[in-house]
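Enquirer: Questions regarding the structure given below will be posed in turn.
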Ligand code: FES
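In the working numbering, the protein residues as written are 1 to 607.
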């Protein structure tokens, strides 16, 4: 432990702590822009400068480690003057068009200006290059607003391991963007949008779809249906002043009705459906795998049917719910696409059902239906443009709004969110189990699948206290579990005593690690869950800002609370799922499912 004084306050912190972190731990605010908890390496903005007794120059507190006996001042006249000048210099190269900016009143740059009382623009001069790149369907980059803090660079390189955003050119010409002057729409970007969650200003943001949704809502010829992803209910409240981790499921459904949607459905219904399809696909692949490896009982071999229609049944099977992850593997590991489950992501499944099953029920022409998905994710905006996501000539989903965009629409519509009575989802695409709720967090898809696969293979009910697969719960980058099958029923007897290895990762850096293991023949897993954003959908690229591990943890706990509060906690027990198979789909992996709920993938270039 190291003893030091900050602003005359005696504090003790572990060796290796930086001055900024030490101050934060003791509730002393040092303004900062480029600092990022856990991954910070370079101090580029210098806003966090402090005076250290004995040092000739001011020190960047985010990269200065504490020393025994150190005396630090964060508010001396010298510090205040330097901080203000640094801020004013940044401001001199900023458009100052706050009223027309989506980050107005939610901008760290604006907030600091208020804090340090900048009341006039003292420095005016040449402006650096102003590029608005809106070539991606998911993310807009506006270099005029960029303050070069490089948080997006750290996120893209250090946390996601993709490396699309970097500082291009030098000096006054420095600009953050893809190399070779490539527009984002042509770069091998996953569109995960994590850069938009850490950008302190309006330089990186989701592409706005609210106008398209308003137009559909105001068009009397359209029946407008909306669906909400599992992670929205655990984060939307933050936009209205609720504590992180507050569940607002009922208010969210109520607000959507107030805005004017004709039907309010729940993507969670399709998460249950995904488990039926993906769980069945996994068991089919396991059967085929054991067949190929000659591990099955000889008499069982005769009964095996490979349902994967001409495709190599490949293990490990990898989940396919996260479109940022899908785009990433298509660019960087196309040779491993056969490992992906063929399931569409849940909201695409629900969109396809809105325009087929539900349209049939209500006598609606699918062309007159407009489906809106409220998603925690910016990559979903790209996903809906994929040519594979079309059935009978109509797109499965017409528009995607992020949680942040939905909050803007609710405010724009004048809805008093806090005083809103709880609303309900519409039937039959609105009922879901707790297994569907946990799709919103890392480890949730795998746990949901295990709950169902366990009961299918053993024929026994999963005890309540074993519902959570604890080794795969939490925010670690890679989590694993080994599940040994005991008491398999007759049909699955060949799996008796077999240990199924599963792995879960969130964030693309972990995904790359698991894919490299597969490529090198070192992978020991049968089933892998990948979510493209660190922590999973709870901290997707479209979720409220700020996001850090404390907030991720609170949202994760909220998701598990939602699950634990449900009477139904396994996907196969959802009666509306049983009914849709009975009335419409037939069986998992059947002909109709294949047509509406499954997809294929595209090899893309890295360059
Ligand atoms: Fe320390 Fe930017 S926060 S240099």
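Even glycine gets a Cβ: it sits at the ideal position worked out from N, Cα and C.
Taking its Cβ as the centre, do 16 or more other Cβ atoms sit within 10 Å of residue 226, making it buried, or is it exposed?
Expert: buried
Enquirer: For residue 308, which residues in the same chain have their Cβ closer than 6 Å to its Cβ, ignoring the five residues on either side in sequence?
Expert: Residue confidence for residue 308 is low, a pLDDT of 34 falling below 50, so the modelled location carries little weight; the figure read from the coordinates is stated next. Contacts found: none.
Enquirer: For residue 107, list the residues DSSP reports as bridge partners.
Expert: In DSSP, residue 107 forms no bridge with anything.
Enquirer: Just to confirm my understanding: we take residue 328, look at its own chain, exclude 5 residues before and 5 after, and list those with CB closer than 6 Å. What are they?
Expert: 190, 508
Enquirer: By DSSP, does residue 263 sit in helix, in strand, or in coil?
Expert: strand
Enquirer: Grouping DSSP H, G and I as helix and E and B as strand, with all else coil, what is residue 359?
Expert: helix
Enquirer: Using only Cβ atoms and a threshold of 7 Å, which residues come within that distance of a heavy atom of ligand 1? Order them by chain position.
Expert: Residues with a Cβ closer than 7 Å to any heavy atom of ligand 1, in chain order: 20, 32, 33, 34, 35, 43, 44, 45, 46, 47, 48, 60, 61, 62, 63, 149.
Enquirer: In angstroms with no decimal places, state the Cα-to-Cα distance between residue 446 and residue 182.
Expert: Each residue's alpha carbon lies about 37 Å from the other.
Enquirer: Please classify residue 556: is it buried, with 16 or more other beta-carbons within 10 angstroms of its beta-carbon, or exposed?
Expert: buried
Enquirer: At which residue ranges does the region 219-279 contain complete alpha helix (DSSP H) runs of 4 or more residues, listed in the order of the chain?
Expert: 249-259
Enquirer: Using the Cβ count rule (16 or more neighbours within 10 Å means buried), how would you classify residue 121?
Expert: exposed
Enquirer: Just to confirm my understanding: we take residue 357, look at its own chain, exclude 5 residues before and 5 after, and list those with CB closer than 6 Å. What are they?
Expert: Taking C-beta separations shorter than 6 Å and ignoring five residues to either side along the sequence, the partners of residue 357 in its chain run 584, following chain order.
Enquirer: What do you reckon, are the CB atoms on residue 197 and residue 229 nearer than 8 Å?
Expert: no
Enquirer: On the three-state DSSP scale, how would you describe residue 73?
Expert: strand
Enquirer: Which runs of the alpha helix (DSSP H), 4 residues or longer, sit entirely within the region 13-67?
Expert: 19-25
Enquirer: Quick one: which unbroken beta strand (DSSP E) runs of 3-plus residues sit fully inside the region 490-565? Chain order, please.
Expert: 499-506, 527-531
Enquirer: Can you tell me whether residue 459 is helix, strand or coil according to DSSP?
Expert: When DSSP states are grouped into helix, strand and coil, residue 459 belongs to the coil group.
Enquirer: Could you tell me which of 342, 140, 607 sits nearest to residue 279, measuring between CA atoms?
Expert: 342
Enquirer: For residue 490, count neighbouring Cβ atoms within 10 angstroms of its own Cβ and tell me buried if that reaches 16, exposed if not.
Expert: That one is exposed.
Enquirer: Give the range of the alpha helix (DSSP H) segment to which residue 211 is assigned.
Expert: Element bounds for residue 211: 210-217.
Enquirer: Taking the C-alpha atoms as reference points, what is the distance between residue 345 and residue 605?
Expert: 23 Å
Enquirer: Taking just the CA atoms, how far does residue 77 sit from residue 502?
Expert: Rounded to whole angstroms, residue 502 and residue 77 show a C-alpha spacing of 57 Å.
Enquirer: Alpha carbon to alpha carbon, what distance is there between residue 263 and residue 257?
Expert: Taking the straight line joining both Cα atoms gives about 8 Å.
Enquirer: Among the residues of its own chain, which have a CB less than 6 Å from the CB of residue 372, if the five just before and after it don't count?
Expert: 213, 226, 399
Enquirer: Tell me whether residue 172 sits in a helix, a strand or coil according to DSSP, three-state version.
Expert: helix
Enquirer: Taking just the CA atoms, how far does residue 203 sit from residue 85?
Expert: 22 Å
Enquirer: Please name the residue in 392, 395, 374 whose C-alpha comes closest to that of residue 410.
Expert: Here the closest residue by C-alpha is 374.
Enquirer: Can you name, in chain order, every residue of its own chain whose Cβ lies under 8 Å from the Cβ of residue 7, other than the five neighbours on each side?
Expert: 28, 72, 73, 74, 75
Enquirer: Would you identify the three-state DSSP class for residue 413, choosing helix, strand or coil?
Expert: coil
Enquirer: Secondary structure at residue 387, three-state DSSP: helix, strand or coil?
Expert: coil
Enquirer: Please state whether the Cβ-Cβ distance between residue 569 and residue 433 is less than 8 Å.
Expert: yes
Enquirer: From the DSSP output, read off the bridge partner residues of residue 421.
Expert: None, per the DSSP bridge assignment.
Enquirer: Give me whichever residues DSSP pairs with residue 402 in a beta bridge.
Expert: 375
Enquirer: What is the DSSP secondary structure of residue 204, reduced to helix, strand or coil?
Expert: strand
Enquirer: Please classify residue 385 as buried or exposed, where buried requires at least 16 other C-beta atoms within 10 Å of its C-beta.
Expert: exposed
Enquirer: Could you name the residues that DSSP lists as bridge partners for residue 133?
Expert: 141.
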